[in-house]
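Below is one structure, written out as C-alpha cells, with a few remarks after it.
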Amino acid sequence: MAYDLEFERPLSDIEKQIHGIERKGEKMKAEDRTQVRELRQRLDHRTDEIYRALTPWQRVQVARHKDRPYTHDYIKLMCDDFFELRGDRRHGDDRAILGGIASLDGKTVMILGNQKGRDTKEKVECNFGLAHAEGYRKAQRIMRQAERFHLPVVTLIDISGASPDLEAEQRGIAGAIAENLQVMAVLRTPVLAIVIGEGGSGGALGISVADRILMLEHAIYTVASPEAAASILWRDAAFASSAAEAMKITAPDLLELRLIEEIIPEPRGGAHHDHRAAADAVKAAILRNIGELERLPVEELLEHRYRRYRDIGAYTREPIGAASV
Amino acid sequence: MRDESRPALPVNGQNGLNGLNGRNGAHAEAATAATAATKALPRNLAVKCPNCRELLVGKDWEKNLRVCVRCGYHSRLSARERIELLFDDGSFEAFGSDLHSADPLSFVSRTQPYPAYLADYRARAGMDEAVVVGRAHMDGLPIVAAVMDSNFVGGSMGSVVGERVTQAIERAAEERVPLLIVATSGGARMQEGLFALMQMAKTAAALARLAERGVPFICLLTDPTTGGVWASFAALADVIVAEPGAMVGFAGPRVIEQFMHQRLPKDTATAEFALKHGMIDAVAHRRDVRPTLVRLLRMFGAARPA
Ligand SMILES: [Zn+2]
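Order-wise, the sequence lines are chains G and A. Letter by letter, the first sequence follows residues 0 to 324 in numbering that gives the first Met the number 0. Letter by letter, the second sequence follows residues 0 to 305 in numbering that gives the first Met the number 0.
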C-alpha cells in the first residue's frame, strides 16, 4: 500500500526511490539490493517517527483513509463464520449499518458496525456510511436478539455522522438513536464497542453505548465532525484542523480523559497498510475483553455500565472564568 | 448542530383529539397562566413580530404569551419565563445549582477561552447554565422539572446540562414523581467535546431506570429542539408535546438543505412535521400547554405506579 497522504510526502519520496531501483528488475546489482534494503529501513524508521508525532488533524486523515479496513473487512478477516441479519422489519435494510451472527474462534457473538463503502457502487449503496433510522432499528433488533440468546454484542464504529437528510427526519432518526442509547444502557449481555475509524456524533453513539470502548490507535471519536464543529464554533468549516485539535478527539487524548478503556495498536503506517494484522489485533482484543466481561454476573455488569456513563462529566462548584464585558 | 436561520412557521394549534379535548375547562387554566406570565414579563409599548414583522401592541403581545396574534409565531422564552408560565406561583425549588461547567479539554478557541465565553453568557443571559432543574407544582400536582434555556450557549448540552437533567431524572425515579422536561437546544456543546456527547447516553441510561419504575415522563419541545437533545432524552418521553412552529429535528433545515443541495418543503423539521411523521403526540398553542400538561399529569398520576 502506497503512502499517499499529504504529511506522508517524505515517505512516498522514499518509496519512489525504491521503485526506481526495483524497476531495473533482472539488471539490479548487489549494490542496488543493498541500497533498497537501506531505503526500506529508512522508510520504516521515518514512518515510525511521523506516526509517533501525528497531529490530531493528521489522525483524522488516517482515520478516513480510503483504504482503511471497514467493518466488512474486519468481519471477513476475523470470523470463521458470519450470517448477515438484514432489515429492520419495518422499513428497509440500511446498508450503512451491517451486522449479524458470527463465530470468532468458535465463540458466537453478535457483531455489527458501520459500513462506508469501498468503490463508488458500494459507497452509493451505503450512503457513504451515513446511517438512517432503519439502520439503528436494525441494530436494535440484532442487539435484542443477542440479549435473548445471551450472546455478547460487538460493535465496530466508523461513521462521520447520521444522515442529515429529509428521509432521515421523516423516519425519525433522532428517536431511533435515542432508543438505542436507552436499550444499550440496560441490555442484559456484554457490549463492547470499538472505534475502527471515525466515531462521529450521535450517529456513532447510537451503536456504541457499551461496557467498554476501545479505539484503534489512529481512530477518532468526536462530538461532531471537525468540519461541523468548526462551522458551529467559528462559522467556517475551514478551521476544521483547529477544531480537531481543540476537541481532543484522538485515542491517546480520550484514554487520558478516561472516556475510553483501551487503545488497540495499529500496524506500521496505519491499519490500511496491513488489513490482516489490524484484524488480528482487533480480534484478540475482542476475545480478551468479552472473556473478561462475561465473567461478571449480569446485574453487576449492568451496574458497572450505568456507573460508567453516570460518572461522565466535568464540573466545578464555583463558576469559572471572568466576563469580558 | 445549531441551525437557527429559519424563523418558525405560522400555524394554528389545533390537532385532532387533543385540540378538541383542550376546549373543556382549559380556558380558566389558560387565563391563570396568562396572568402569571404577564406579571413576570416586562412590558414594551410596541413589539415587532420577529416572524411576520407586524408591529404589535406590547400589552397584547404579553397578554398573548408572546405569541403573535397575526401569524401565530411563538417567540422563545427564557427558563425563568417558562417557569412563571407553567408552574404554580412560587412553587419551583431548584436543586443542582451548585454545579458549574469545568473546562475539561482546556479548550483552545480561535476566539475566546471557554471559561471567559461562559462568563460572558452568564452575564448576558442572566443564567448560569442552559438548564435549571427543581421540584415544582402544577395545579397542585408535584413534579420534578428540567427547564432549558436557549439564551445560554444556544441551549447546548455539556456536562452540567447532562448532570442536572440526570439528577432530575433520578430524583423523579426515587420519589416516584412525574418528570417534566421543557426542551430547547441547538445540540451538544462543542467546547466540551466527547464529554458533551456522552451526556446523551447518561441521560438515556437514567431514563431507562425511570421507565422501569413506571414513573411518567412528559417532554415539551420548544423552539428549537435539535441535535443531541432531541436524539436523547427529549425523544424518550412517554408523551411529547411541542409548541407550534418549533424547530424539531436531528439536523436543522439549513444543514439538510446544504447536504441535499435542494430546497425543502417549508415545514421540514418543525413540530408539525414531527407530528405528521409520528414522532410526537401533540402540537399545542402556548396558551394550551399548561392545561394540556395538567390533564396528562392527572391521568397518568391516577395510574398505579409499578
Ligand atoms: Zn407574526
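Even for Gly, the Cβ is constructed at its ideal location relative to N, Cα and C. Because the structure is a prediction, the values reported are computed rather than measured.
Taking the C-alpha atoms as reference points, what is the distance between residue i and residue j?
i               : j               : result
E260 of chain G : Y220 of chain G : 13 Å
A203 of chain G : G134 of chain G : 12 Å
A1 of chain G   : Q114 of chain G : 23 Å
A236 of chain A : K58 of chain A  : 35 Å
A29 of chain A  : L76 of chain A  : Legend: pLDDT at A29 of chain A = 39, less than 50; position of this residue unreliable, value from coordinates given subsequently. Cα to Cα, the separation comes out at about 17 Å.
D92 of chain G  : E121 of chain G : 14 Å
I110 of chain G : K28 of chain G  : 51 Å
G54 of chain G  : L10 of chain G  : Note that residue 54 of chain G corresponds to Thr in the displayed sequence, not to Gly. Answer to the nearest angstrom: the Cα atoms are 17 Å apart.
P252 of chain A : T225 of chain A : 10 Å
S74 of chain A  : M298 of chain A : 30 Å
V159 of chain A : P112 of chain A : 18 Å
V108 of chain G : G192 of chain A : 31 Å
L98 of chain A  : G133 of chain A : 13 Å
L55 of chain A  : F216 of chain A : 36 Å
G139 of chain A : S90 of chain A  : 9 Å
R170 of chain G : Q257 of chain A : 19 Å
K23 of chain G  : H271 of chain G : 28 Å
G105 of chain G : L286 of chain G : 11 Å
L165 of chain G : G185 of chain A : 18 Å
T70 of chain G  : L97 of chain G  : 8 Å
I311 of chain G : T119 of chain G : 40 Å
P318 of chain G : F194 of chain A : 18 Å
C78 of chain G  : S207 of chain G : 21 Å
Q13 of chain A  : F94 of chain A  : Because the pLDDT of Q13 of chain A is 33, which lies under 50, any placement of that residue in the model is unreliable, and the question is left without a value.
H136 of chain A : Y308 of chain G : 30 Å
Where does residue i fall in DSSP's three states?
i               : result
Y314 of chain G : strand
D12 of chain G  : helix
D43 of chain G  : helix
F148 of chain G : coil
G161 of chain A : helix
F81 of chain G  : strand
H272 of chain G : helix
S362 of chain G : With chain G running from 0 to 324 in the structure shown, residue 362 of chain G is simply not present.
R88 of chain G  : coil
K47 of chain A  : strand
P223 of chain A : strand
T188 of chain G : coil
A250 of chain G : helix
G290 of chain G : helix
V130 of chain A : strand
E48 of chain G  : helix
F86 of chain A  : coil
Report yes if the C-beta distance between residue i and residue j is below 9 Å; otherwise report no.
i               : j               : result
L219 of chain A : V181 of chain A : yes
I158 of chain G : H131 of chain G : no
G112 of chain G : T154 of chain G : yes
A145 of chain A : R163 of chain A : yes
S149 of chain A : M189 of chain A : no
P243 of chain A : V282 of chain A : yes
G272 of chain A : E168 of chain G : The question names Gly, yet the displayed sequence has Phe at residue 272 of chain A. Contact: yes.
S231 of chain A : A200 of chain A : yes
G269 of chain G : H64 of chain G  : yes
L180 of chain G : A284 of chain G : no
R67 of chain G  : G160 of chain G : no
N126 of chain G : L191 of chain G : no
L76 of chain G  : R267 of chain G : no
V281 of chain G : I263 of chain G : yes
A177 of chain G : A233 of chain A : yes
Whose C-alpha, out of the options, is nearest the C-alpha of residue i?
i               : options                           : result
A124 of chain A : A:L295, A:L235 and A:E80          : A:E80
A101 of chain A : A:A115, A:Q166 and A:D138         : A:A115
A172 of chain A : A:A207, A:S184, A:L140 and A:M147 : A:A207
R170 of chain A : A:M147, A:G153, A:L196 and A:R212 : A:R212
R306 of chain G : G:A184, G:R85 and G:A192          : G:A184
P163 of chain G : G:T188, G:L129, G:R140 and G:F148 : G:L129
V130 of chain A : A:L296, A:G185, A:M147 and A:T267 : A:M147
E14 of chain G  : G:S240, G:K26, G:R39 and G:Q57    : G:R39
T46 of chain G  : G:E265, G:D279, G:K282 and G:R143 : G:E265
L196 of chain A : G:M246, G:E7, G:R304 and G:D79    : G:M246
Checking the sheet assignment: what are the DSSP bridge partners for residue i?
i               : result
M156 of chain A : A:A187
E197 of chain G : G:I219
L97 of chain G  : G:G112
G248 of chain A : A:T225
P141 of chain A : A:H136
E53 of chain A  : Bridge partners of E53 of chain A: none, in fact.
Answer yes or no: the CB of residue i versus the heavy atoms of ligand 2, is any distance below 8 Å?
i               : result
R286 of chain A : In the structure shown, ligand 2 is absent; the only ligands present are ligand 1.
So which residues on chain C does residue i lean against when the C-beta distance must stay under 7 Å?
i               : result
D102 of chain A : Checking the listed chains, one finds no chain C in this structure; the protein chains it contains are G and A.
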